[in-house]
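Residues in the sequence shown are numbered from 2 upward in steps of one, following the numbering used here.
Every residue gets a Cβ at the ideal spot worked out from N, C-alpha and C, and that includes glycine.
Each remark here refers to the structure printed beneath this line.
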Amino acid sequence: MSNSMLAEPSHWVKRFASLSPAGEVLDLACGGGRNSRFLLAEGFTVTCLDRDDSSFADLASRGAKTILHDLEPDPEECNWPFPSACFAAIVVCNYLHRPLFPHLLDSLQQGGLLIYETFATGNEQFGKPSSPRFLLQPGELLRQIHTAPESLMHVIGYEEGFIVEPKPAMVQRICARKAAGSAPEDKLPVWLNEDQI
2 MSNSMLAEPS HWVKRFASLS PAGEVLDLAC GGGRNSRFLL AEGFTVTCLD RDDSSFADLA
62 SRGAKTILHD LEPDPEECNW PFPSACFAAI VVCNYLHRPL FPHLLDSLQQ GGLLIYETFA
122 TGNEQFGKPS SPRFLLQPGE LLRQIHTAPE SLMHVIGYEE GFIVEPKPAM VQRICARKAA
182 GSAPEDKLPV WLNEDQI
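Okay, here's the thing in structure tokens:
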């Protein structure tokens with residue numbers, strides 16, 4: 002697999018980024034910065050967080066805010082540095098730390114967008130990650146976005162299965178919007194029985 006392929010932004014991020022409202026976007030566990038560079042080029046205000054700062058000089062030169070931070074002091078806890086409702090969108094690719102989900106949802110503004118893509122069970126046959134700690138169980142990403150009852154999330158897109166590019170892998174990915182309130186359009190219709198019509 003070439004470095005140029007690895008440097009390409011996630012197709013999932015490219016597909017849904019334009020749905021983000023105006024405001025600051027967090028690229029969580031940004032790694033080499035492939036998604037951050039795409040978001041910056043698209044005109045977004047971007048904050049990049051990672052525990053490795055090797056890509057920070059380049060990202061800062063492009064206008065990103067960079068934060069060196071370890072989110073995982075412990076496998077069962079998280080060290081979340083952000084307040085409630087501070088991001089218009091949060092992007093997470095190829096990273097999983099389950100205790101973070103309620104914090105991710107809380108830090109989205111009303112109407113904010115979560116774009117999340119990472120590895121799933123079955124990926125062990127293709128290489129790393131192979132530990133269950135880093136692999137989503139079937140349907141887990143859908144369940145995780147409902148871990149904070151006060152953060153009502155509406156799914157825009159969801160996929161689960163095998164991908165070939167940028168490398169063979171099993172993944173789950175979701176794009177969901179934090180509800181802006183309990184407006185009628187936020188709720189599924191009630192289906193009536195034929196005898197109630």
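Check                                                                                                                                                    : Outcome
Specify the secondary structure class of Leu-97 as computed by DSSP and reduced to three states.                                                         : coil
Identify whether Val-92 lies in helix, strand or coil by the three-state DSSP scheme.                                                                    : strand
Between which residues of its own chain and Gln-138 is the CB-CB distance below 8 angstroms, once the five residues before and five after are set aside? : Ala-121 and Thr-122
Closest to Ile-116 by CA distance: which of Leu-109, Pro-100, Val-92 and Pro-130 is it?                                                                  : Val-92
Use the C-beta contact count for Pro-10: other C-beta atoms within 10 angstroms, 16 or more gives buried, fewer gives exposed.                           : buried
Taking Cβ to Cβ, would you say Leu-237 is nearer than 8 angstroms to Arg-52?                                                                             : Limits of the chain in this structure are 2 at one end and 198 at the other, which puts residue 237 out of reach.
Taking only three categories from DSSP, how would you classify Phe-120?                                                                                  : strand
Over what stretch of residues does the alpha helix (DSSP H) that includes Val-14 continue unbroken?                                                      : 12 to 17
Spatial neighbours of Asp-54 within its chain, please: C-beta separation below 8 angstroms, excluding the five flanking residues on both sides.          : Thr-67 and Leu-69
For Val-172, which residues in the same chain have their Cβ closer than 7 angstroms to its Cβ, ignoring the five residues on either side in sequence?    : Glu-118, Thr-119, Phe-120, Ala-121 and Ile-164
Quick one: is the Cβ of Gly-128 within less than 7 angstroms of any heavy atom of the ligand HEM?                                                        : Questions concerning the ligand HEM fall outside what the structure shown contains, since it holds no ligand whatsoever.
Report the residue from Glu-77, Pro-169, Phe-83 and Ala-8 whose alpha carbon sits nearest the alpha carbon of Phe-127.                                   : Pro-169
Do you know offhand how far Pro-103's Cα is from Ile-146's?                                                                                              : 8 angstroms
In this structure, how does DSSP classify Asp-51 when only helix, strand and coil are distinguished?                                                     : strand
Can you give me the C-alpha to C-alpha distance between Leu-41 and Leu-60, rounded to a whole angstrom?                                                  : 9 angstroms
Which same chain residues, not among the five before or five after Ser-110, have their C-beta less than 8 angstroms away from its C-beta?                : Per the sequence shown, the amino acid found at residue 110 is Gln instead of Ser. Correct list, in chain order: Pro-22, Gly-24, Ala-86, Cys-87, Phe-88, Ala-89 and Lys-179.
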